[in-house]
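What follows is a short report on a single structure.
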Amino acid sequence: MGNSLVLLQLGLTTFFWAMMFHLGKYSVAFMSPVSIGGWRFLLAGAVLAPLLHWREGIDWAGLRRNALPLLAMAIVGIGGFNIALFYGLRLTSPVNGSLIIALSPALTAMLSALLHREAIGGRQLLGLGLALAGVAVVVSHGSLAALLALDFTTGDLLVFLASVAWAVYSTIPRRFIKGLAPLQVTTATIVLGGVFMSLFAQEAVSDFFTVPPLGVVGALLVMSLLGSALSYLWWNDAVRQIGAGKAAVFMNLVPIFATLIGVALGQPVLATHFIGAALVVGGVLCSSNLAAPKVTAPNTGALCPAAK
3 MGNSLVLLQL GLTTFFWAMM FHLGKYSVAF MSPVSIGGWR FLLAGAVLAP
53 LLHWREGIDW AGLRRNALPL LAMAIVGIGG FNIALFYGLR LTSPVNGSLI
103 IALSPALTAM LSALLHREAI GGRQLLGLGL ALAGVAVVVS HGSLAALLAL
153 DFTTGDLLVF LASVAWAVYS TIPRRFIKGL APLQVTTATI VLGGVFMSLF
203 AQEAVSDFFT VPPLGVVGAL LVMSLLGSAL SYLWWNDAVR QIGAGKAAVF
253 MNLVPIFATL IGVALGQPVL ATHFIGAALV VGGVLCSSNL AAPKVTAPNT
303 GALCPAAK
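Numbering-wise, my numbering comes out as the position in the sequence shown, counting from 1, plus 2.
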């Protein structure tokens, strides 16, 4: 796959994840976050499993051989990330949450460097810094006082744990998944994650089997098809193509796209939005490095999702 196509897919993936903020905000008025997460990934798994069977068949031997890392990815990267994030956002402000989630690329790059002995070059560090600065400008509206006045709470800790979970999920495959194609890994972790979150929801809340309004059903379908199935496929392929550290920088586009979607829905746009967007896009381009990527072996599973 060409590098330009990988970058386009990463951009669309982060756009779909930005949509999740608005669809999720609408849906949580009718369902608990953990029930939404459970149905979202169950539906995504129901789409991916037949696709996997049709395209390449299910590699049962490979799945059994990699059962432990796949289960870890499902519990930590799908279940843990979504539960910690959405419950954390109930207890903290959007400013705090956005800034903490913006740490994910740096955490991923550092963990990837530690596990895979990947060097973090000056270009990538510069890109991470620019992207993080852009996110800070957007969420603080350019106010240094707003950044200095942040008051960290239990919710902030939960969102930070979500960032750590995403970093772990992004870096496990290249080290621990052996001889399993990316689509196999994606489908297995989404199905396992959906089962895990569904079981958790049945124990933790009482609305898992409650039929929501038609609008929520539509939102769940969009979140499942675009924000989960398609986005995870594209993200995981990008990780295999360009590495977890470079791909993770694109996560900084999520708050930018979320802001632009809000503007399209009638929210006011500020000059800081444009400044922040320029910094983030510059950081992404700087870190992604348009040179030809180093590609791993075709049969090596590489995966990163959850989601927002």
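The C-beta atom is built at its ideal place from N, Cα and C for all residues, glycine as well.
Which residue from MET33, PHE162, LYS248 puts its Cα closest to that of GLY131? LYS248
Could you check what DSSP says for THR188 in three-state terms: helix, strand or coil? helix
Which of helix, strand or coil does DSSP assign to ASN5? helix
Kindly give me the distance between the Cβ atoms of PHE83 and TRP168, rounded to whole angstroms, as I take these residues to be in contact under 8 angstroms. 5 angstroms
Below 8 angstroms between beta carbons: does that hold for PHE202 and VAL36? Taking C-beta atoms as the reference points, PHE202 and VAL36 count as a pair closer than 8 angstroms.
Since ILE258 is in the alpha helix (DSSP H), which residue starts that stretch and which ends it? 255-266
On the premise that SER29 lies in contact with VAL218, defined as a C-beta separation below 8 angstroms, what is that separation, rounded to the nearest angstrom? 5 angstroms
Range of the contiguous alpha helix (DSSP H) that encloses ARG177: 156-178
Contact between the region 56-75 and the region 230-240: three or more CB pairs below 8 angstroms? Inter-segment contact for the region 56-75 and the region 230-240 is absent: fewer than three beta-carbon pairs are separated by less than 8 angstroms.
Cβ-based neighbour list, ALA221, same chain, cut-off 7 angstroms, excluding 5 preceding and 5 following: LEU25, TYR28, SER29
Length of the line joining the Cα atoms of ALA183 and LEU117: Straight through space, the alpha carbons of LEU117 and ALA183 are spaced by roughly 20 angstroms.
Kindly provide the ranges of any beta strand (DSSP E) runs that are 3 or more residues long and lie completely inside the region 58-130, ordered along the chain. none
Pull up the distance between the alpha-carbon of LEU93 and that of GLN186, whole angstroms please. 36 angstroms
Specify, as a first and last residue, the run of the alpha helix (DSSP H) that SER34 falls within. That residue, SER34, is in no alpha helix (DSSP H); it is neither H nor E in DSSP.
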